[in-house]
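Trainee: Can you read through this structure? Questions will come right after.
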Amino acid sequence: MMEIEHKYLVRNEDFKQQATEILQIEQGYLSIRPTVRIRRQDDIAYITIKGATDPSGLMRDEWEYPIPADQAAQMMHLCQGRTIVKERYIVPHEGHVWEVDVFHGRHEGLILAELEVSTPEEVFALPAWASEEVTGDLRYHNSNLAMLP
């Protein structure tokens, strides 16, 4: 399945007032290229495989499958510290649903917003709390953040 996603830095926490849901997420990375990720999201767990992004950084193949929570916990040990912890705010804005991630731990202070779209040409309104677009900037890929000390 093809994922088409824009990513932005977030300038303030005004999005919290519009959030309809907050999820607690822990992600661990078994592999970076290709990306193989284990995600524990509240009481649900997934394994996700992601291919390389296209030159624009906007599109890449992605497959995600639910896995038993106990197996996810065991797999997280294999990630050897290549993990991130974040809160995800689900924020509707002008006909689209944004996912805003507030990072914790060694990435405390980083806030990123993601918007999945159907086509690369899809038009959307940028919320006032979103700032610089970092789509395609590898420094802001979760898999790369997980590798930082």
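Position 119 of the sequence shown, counting from 1, maps to 602 under my numbering, and the rest follow consecutively.
Where a beta carbon is used, it is the ideal one built from N, C-alpha and C, also for glycine.
Using three-state DSSP, classify L595 as helix, strand or coil.
Mentor: In the sequence shown, residue 595 corresponds to position 112, counting from 1. Of the three classes helix, strand and coil, the one that applies to L595 here is strand, per DSSP.
Trainee: By the three-class DSSP mapping on this structure, what secondary structure does M542 have?
Mentor: Stepping through the sequence shown from its first residue, residue 542 is reached at position 59. Note: M542 maps to strand in three-state DSSP.
Trainee: Do the CB positions of K490 and Y623 come within less than 8 Å of each other?
Mentor: Your numbering for residue 490 matches position 7 in the sequence shown. Your numbering for residue 623 matches position 140 in the sequence shown. Yes.
Trainee: Identify the continuous beta strand (DSSP E) that holds A528 and give its terminal residues.
Mentor: To locate residue 528, count along the sequence shown from 1; it is residue 45. Here the beta strand (DSSP E) through A528 covers 527-533.
Trainee: Hey, which unbroken runs of the alpha helix (DSSP H) at 4 residues or more fall wholly within the region 549-620?
Mentor: DSSP runs (the alpha helix (DSSP H)) wholly in the region 549-620: 552-561.
Trainee: Could you tell me the distance, in whole angstroms, from the CA atom of S514 to the CA atom of E604?
Mentor: Counted from its first residue, the sequence shown places residue 514 at position 31. Counted from its first residue, the sequence shown places residue 604 at position 121. So the alpha carbons of these two residues sit roughly 31 Å apart.
Trainee: So, using beta-carbon positions, are Y548 and I527 closer together than 8 Å?
Mentor: Numbered from 1 along the sequence shown, position 65 holds the residue referred to as residue 548. Numbered from 1 along the sequence shown, position 44 holds the residue referred to as residue 527. No, they are not a contact pair.
Trainee: When DSSP builds the beta bridges, which residues end up paired with S514?
Mentor: As a position in the sequence shown, residue 514 is number 31, starting the count at 1. S514 pairs with V519.
Trainee: If you draw a straight line from the alpha carbon of I487 to that of E597, how long is it in whole angstroms?
Mentor: Position 4 of the sequence shown, counted from the first residue, corresponds to residue 487. Position 114 of the sequence shown, counted from the first residue, corresponds to residue 597. Roughly 10 Å separates the two Cα atoms.
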